[in-house]
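Read through the structure below, which is laid out as structure tokens, and then see the notes.
2 protein chains.
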Amino acid sequence: MARPGSSKREAIVAAAKALLWERGYEATSPRDVLDRSGAGQGSLYHHFSGKREVAAAALAEMAEEEIAVIDALFPPDTPPLDRVGAYLTRERQALRGCRLARLANEAAMEEPALREPVAAYLGHIEAALRASLEEAKAGADLLPGIEPAPVAAALLAIVEGGYVLARVHWDAAAMRAAIDGGVQLLAAVSRPQA
Amino acid sequence: MARPGSSKREAIVAAAKALLWERGYEATSPRDVLDRSGAGQGSLYHHFSGKREVAAAALAEMAEEEIAVIDALFPPDTPPLDRVGAYLTRERQALRGCRLARLANEAAMEEPALREPVAAYLGHIEAALRASLEEAKAGADLLPGIEPAPVAAALLAIVEGGYVLARVHWDAAAMRAAIDGGVQLLAAVSRPQA
DNA sequence: GTCTATAGAAGGATAGAC
DNA sequence: GTCTATCCTTCTATAGAC
Numbered sequence: 001m002a003r004p005g006s007s008k009r010e011a012i013v014a015a016a017k018a019l020l021w022e023r024g025y026e027a028t029s030p031r032d033v034l035d036r037s038g039a040g041q042g043s044l045y046h047h048f049s050g051k052r053e054v055a056a057a058a059l060a061e062m063a064e065e066e067i068a069v070i071d072a073l074f075p076p077d078t079p080p081l082d083r084v085g086a087y088l089t090r091e092r093q094a095l096r097g098c099r100l101a102r103l104a105n106e107a108a109m110e111e112p113a114l115r116e117p118v119a120a121y122l123g124h125i126e127a128a129l130r131a132s133l134e135e136a137k138a139g140a141d142l143l144p145g146i147e148p149a150p151v152a153a154a155l156l157a158i159v160e161g162g163y164v165l166a167r168v169h170w171d172a173a174a175m176r177a178a179i180d181g182g183v184q185l186l187a188a189v190s191r192p193q194a
Numbered sequence: 001m002a003r004p005g006s007s008k009r010e011a012i013v014a015a016a017k018a019l020l021w022e023r024g025y026e027a028t029s030p031r032d033v034l035d036r037s038g039a040g041q042g043s044l045y046h047h048f049s050g051k052r053e054v055a056a057a058a059l060a061e062m063a064e065e066e067i068a069v070i071d072a073l074f075p076p077d078t079p080p081l082d083r084v085g086a087y088l089t090r091e092r093q094a095l096r097g098c099r100l101a102r103l104a105n106e107a108a109m110e111e112p113a114l115r116e117p118v119a120a121y122l123g124h125i126e127a128a129l130r131a132s133l134e135e136a137k138a139g140a141d142l143l144p145g146i147e148p149a150p151v152a153a154a155l156l157a158i159v160e161g162g163y164v165l166a167r168v169h170w171d172a173a174a175m176r177a178a179i180d181g182g183v184q185l186l187a188a189v190s191r192p193q194a
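Structure below.
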């Protein structure tokens, strides 16, 4: 049933990925997915047990793709605080929301199959931030009292919360302000530069 | 039509307030609202033009209530950074999400009537944080290079992003970690205490 | 594997009596 | 103002042919 080689299966998952980002889970119907993918009813229910499983497959692919993007932002041979800065200031489509975490508040997210890919994505970012901050601390690039783990969580929250601010104010500048504040706070806990 | 004195109207809005927080906009149907409120179909469509207007009325009331709660956290006669700290560390139901901003990613939020109460609420918090940080800066309680406006946005984003982290990990501790990081960062940009 | 046709339930709103 | 009954559409899934 989960044969990745099938053409229609791939088209269905691709359409689901696009629609989940555009509209979210509740607002996307199986018919929407079929219309966009060009597949018929039968193909969807041949490959998947229903809407939920389609979404789970789509989210798993999105998480894999975005985790690869994150890894590219954290090359091991660069200064650790540069990696953190690169993550904070990367380009983002603020008004579209986070491709994965945009689903955080849907009722369906209480289902583990849908929540886990999103949790893995955010967990991966948080781990990368924490590792970088720990490396910075070991190299005395961070102020002594600063704990990497909570600060990593706070920086990730600034980004995810920044998406929320942009959506609510319908203005990408709201996210940029939050990121700018994060950059200032990070600079303040960094060792004075040479 | 918008007569506030009507008993059923109030019951409908109260039910909508509860359901919007519990399930969000898309996942709440007019029938759900009627079932919980005890009103009939006719009452809803007598007082409102439809689902959207019910939600708008509910959000407006929620914003008003929550803004009053925020104001209570920022009494003018306390040290400004204590006010910011009180906001960061107030008790929250992390897994339920922010009562207003939990709707940020719903497609319906592109409608101004729904977005505006949420934007007013977040804007009010951000203004209170910014004013407190400006007062702290004027009193030399903040490091010189720190700009109040972006830092206020970042702190608000930490809270709103913290809700997202808690929902995605299905663990209130994820939000606590982000808040803790925010507290540490704020302490780092504050003047060393006497 | 893929298609079209269909079914049962829920969503959102209206009609009209009281 | 409030109620019940009804309507049309959309949602989600199944049936069965090819």
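Chains as they are written, first to last, in full-length UniProt numbering: chain D, 1 to 194; chain E, 1 to 194.
Every residue gets a Cβ at the ideal spot worked out from N, C-alpha and C, and that includes glycine.
Keep in mind that this is a model prediction, so the values were computed, not measured.
A straight line joining the alpha-carbon of P150 (chain D) with that of A11 (chain E) spans about 42 Å. At a cut-off of 8 Å between C-beta atoms, L129 (chain D) does not count as an interface residue with respect to chain E. In chain order, V33, V54, A55, A58 place their CB closer than 7 Å to the CB of A16 (chain E), counting only its own chain and leaving out the 5 sequence neighbours on each side. Interface residue (Cβ-Cβ distance to chain D less than 8 Å): A107 (chain E) is classified as such.
Residue pairing for L142 (chain E): DSSP places it in a beta bridge opposite E:S190. In the three-state scheme derived from DSSP, where H, G and I count as helix and E and B as strand, E147 (chain E) is classed as coil.
Sixteen is the threshold: when 16 or more other Cβ atoms of the shown chains lie within 10 Å of the Cβ of V13 (chain E), as they do, the residue is buried. Ranked by Cα distance from D77 (chain D), the options D:S132, D:G181, D:L156 are led by D:S132. Annotation: the UniProt domain "HTH tetR-type" (6-66) of chain E contains the following complete segments of the alpha helix (DSSP H) (minimum length 4 residues), in chain order: 7-23, 30-37, 41-47. By the Cβ-count criterion, V168 (chain E) is buried, with 16 or more other Cβ atoms from all chains shown falling within 10 Å of its own Cβ. Listed along the chain, the chain E residues whose CB falls inside 8 Å of the CB of I158 (chain D) are A154, A157, I158, G161. Distances from the alpha-carbon of L88 (chain E) to those of E:L44, E:D35, E:L103, E:D180 put E:D180 closest. Any Cβ of chain E closer than 8 Å to the Cβ of D180 (chain D) would place that residue at the interface, and such an atom is present. Rounded to the nearest angstrom, the Cβ distance from V69 (chain D) to A188 (chain E) is 30 Å, too far for a contact under 8 Å.
Chain E has no Cβ within less than 8 Å of the Cβ of W21 (chain D). Along the UniProt domain "HTH tetR-type" (6-66) of chain E, going in chain order, the ones with a CB nearer than 7 Å to a CB of chain D are R23, G24, E26, A27. Scanning D:L100, D:K51, D:R130, D:L44 for the CA closest to the CA of A152 (chain D) turns up D:R130. The beta-carbon of E111 (chain D) is placed no less than 8 Å from the nearest beta-carbon of chain E. Chain-order list of chain E residues neighbouring I146 (chain D): Q184, A188, by C-beta distance under 7 Å.
Contact of L81 (chain E) with chain D is not assigned, every C-beta pair being separated by 8 Å or more. Note that the C-beta distance between V118 (chain E) and A101 (chain E) is below 8 Å. Proximity of chain E to G97 (chain D) at the Cβ level (cut-off 7 Å) is accounted for by N105, in chain order. Note that the C-beta distance between A154 (chain D) and I158 (chain E) is below 8 Å. Among the residues of chain E, those whose CB is under 8 Å from the CB of R102 (chain D) are N105, following chain order. Between M109 (chain D) and R96 (chain E), the alpha-carbon positions lie close to 12 Å from each other.
Here E147 (chain D) is near Q184 (chain E), since their CB atoms are less than 8 Å apart.
One finds G181, Q184, L185 in chain E with Cβ atoms closer than 8 Å to the Cβ of V151 (chain D), taken in chain order.
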